[in-house]
Each structure stands twice: as C-alpha cells, then as structure tokens.
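Asker: The opening residue of the sequence shown carries number 0 in numbering that gives the first Met the number 0; numbering runs sequentially from there.
The beta carbon of each residue, even a glycine, is placed where N, CA and C say it ideally should be.
Owing to the predicted nature of the structure, the values given are computational and were not obtained by experimental measurement.
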Amino acid sequence: MMHLTIITPDEKVFEGEVSEATFPGANGSFQVLKDHAALVSALTQGTVSYTTKGGKISCVIEKGVVEISNNQMTLLAEKVLG
Numbered sequence: 000m001m002h003l004t005i006i007t008p009d010e011k012v013f014e015g016e017v018s019e020a021t022f023p024g025a026n027g028s029f030q031v032l033k034d035h036a037a038l039v040s041a042l043t044q045g046t047v048s049y050t051t052k053g054g055k056i057s058c059v060i061e062k063g064v065v066e067i068s069n070n071q072m073t074l075l076a077e078k079v080l081g
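#1: Thinking just about the alpha-carbon of each residue, which of Ile56, Glu61 and Ser28 is nearest to the one in Phe13?
#2: I need the boundaries of the beta strand (DSSP E) containing His45, first residue and last residue.
#3: From Asn69 to Ala37, what does the alpha carbon distance come to, in whole angstroms?
#4: Just to confirm, is the Cβ distance from Glu19 to Thr50 under 7 angstroms?
#5: Look at the alpha carbon of Thr21 and the alpha carbon of Val65, and state the distance between them as a whole number of angstroms.
#6: Can you look up Pro23 in the DSSP assignment and give me helix, strand or coil?
#7: Going along the chain, which residues of its own chain have a beta-carbon closer than 8 angstroms to the beta-carbon of Val31, five neighbours each way excluded?
#8: Excluding the 5 residues flanking Asn26 on each side, which residues of the same chain have their C-beta closer than 8 angstroms to its C-beta?
Here it is as structure tokens:
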C-alpha cells in the first residue's frame, strides 16, 4: 500500500492508504503503483482516481502538482471540483 494525501489551499481533501492512483499529468495521465520511482509532476485539470480498501474513488482537480517518494504521494491542487 501507499499513502496518499490530497490538499487544497482550503482543506485536506483525503488522506489514507491506497493500492494505486491515476493522475492527469501535463503530458497525459499516468498511474502510480507501489514502489514507483520518485518524481514531481505538474498536473492539469482532470480526474484523479485511487483505490482504497473500500473501493475506487475519483475526483476532478483544477491544476496542481504531485510529489511521489518512498510510497508517499502528496497532491497539492488549486481546487477539487468533485
């Protein structure tokens, strides 16, 4: 499992363990699985989806950035639309 935190300037939208996550990268969507290489990526408006023990969850973000390192993912989004 990996740890995902989704934050906007106003609130912490999600924090918890996930088995995978998909992000709307500036050069196309990409998926992150356990032990993914470290990276920082700009994100465009689009759908972020992730799978928790309870099932698949998705939300739409306005631009942002994600940092991935040591099975920790932090997504800083301007706004989460849904």
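Answerer: In brief:
#1: Locating residue 13 in the sequence shown gives position 14, where the first residue counts as 1. For the residues Ile56, Glu61 and Ser28, the minimum Cα distance to Phe13 belongs to Ile56.
#2: Your numbering for residue 45 matches position 46 in the sequence shown. Correcting the residue identity first, residue 45 is Gly in this sequence and not His. Unbroken beta strand (DSSP E) run through Gly45: Gly45 to Thr51.
#3: Here residue 69 refers to the residue found at position 70 when the sequence shown is read from its first residue. Here residue 37 refers to the residue found at position 38 when the sequence shown is read from its first residue. Using only the alpha carbons, I get a separation of about 7 angstroms.
#4: As a first step, residue 19 must be located in the sequence shown, where it is residue number 20. As a first step, residue 50 must be located in the sequence shown, where it is residue number 51. Contact: yes.
#5: Position 22 of the sequence shown holds residue 21. Position 66 of the sequence shown holds residue 65. Rounded to whole angstroms, the separation of the alpha carbons of Val65 and Thr21 is 11 angstroms.
#6: Working through the sequence shown from its first residue, we reach residue 23 at position 24. Reduced to three states, the DSSP call for Pro23 is strand.
#7: Residue 31 sits at position 32 when you count from the first residue of the sequence shown. The beta carbon of Val31 is closer than 8 angstroms to those of Met1, Glu19, Ala20, Thr21, Phe22, Ile67 and Met72 in its chain, skipping five residues each way along the sequence.
#8: Reading the sequence shown from its first residue, position 27 is the one you call residue 26. Once the five neighbours on either side are set aside, Asn26 has no close Cβ partner at all.
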